[in-house]
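Data first, discussion second: the structure below is written as structure tokens.
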Amino acid sequence: MYPDDLSYTAEHEWVRTPGEAEGSVRIGITHYAQDALGDIVYVSLPEVGETVTVGQTCGELESTKSVSDVYAPVSGEVVARNDGLDATPELVNSDPYGAGWLFEVAPSDASATDGLMDAATYQASLDS
74 MYPDDLSYTA EHEWVRTPGE AEGSVRIGIT HYAQDALGDI VYVSLPEVGE TVTVGQTCGE
134 LESTKSVSDV YAPVSGEVVA RNDGLDATPE LVNSDPYGAG WLFEVAPSDA SATDGLMDAA
194 TYQASLDS
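Each residue of the sequence shown is one higher than the one before, starting from 74 at the first, in the numbering used here.
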């Protein structure tokens, strides 16, 4: 259920290395997170050029149930954001690992993804 080519956080974000922009990583939320949120109706993302810090809030997802923070899984500069979510935020629900990605970051540290979970560890954390 959780793609093996991604890394995961305890806050239910995923990280794909590499991202589309050179030297970047792509970030989104997991199927588990979007399912728990329900129908997403609004997405607030960091701006390109903004610096994000690992573990800190950098955006919000608003659903018909609640508002949930998005946490930066790595530190660095935002180099791209999925502006398509402005018009179609429901892509986060329908395609969380594809068209529903959130933003890309150029990590400030080459080992930025070292502390993230692999798919099996993430699944085990959900099962416990």
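Cβ atoms here follow ideal geometry from the backbone N, Cα and C, with glycine treated the same way.
Cβ shell of residue i (< 7 Å), same chain only, five flanking positions each side left out
i: aspartate 142; result: Thr130, Glu133
i: tyrosine 105; result: His85, Leu199
Residue i versus residue j: straight-line alpha-carbon distance, rounded
i: methionine 190; j: threonine 90; result: 13 Å
i: proline 119; j: leucine 175; result: 9 Å
i: alanine 83; j: threonine 137; result: 23 Å
i: glutamate 123; j: aspartate 182; result: 16 Å
i: threonine 126; j: proline 146; result: 8 Å
i: alanine 193; j: aspartate 77; result: 8 Å
i: alanine 179; j: serine 201; result: 33 Å
i: proline 169; j: proline 162; result: 11 Å
i: glycine 157; j: alanine 197; result: 32 Å
Residues bridged to residue i [DSSP beta-bridge criterion]
i: aspartate 142; result: Glu133
i: tyrosine 81; result: Trp87, Met190
Neighbourhood of residue i by C-beta, 8 Å cutoff - its chain only, sequence neighbours within 5 removed
i: serine 184; result: none
i: glutamate 93; result: Arg99, Ala153, Glu177
Presumed contact (8 Å Cβ cut-off) between residue i and residue j, rounded CB distance
i: glycine 128; j: tyrosine 144; result: 6 Å
Close beta carbons around residue i, own chain, < 6 Å, minus the five adjacent residues each side
i: glycine 111; result: Ser136, Thr137, Lys138
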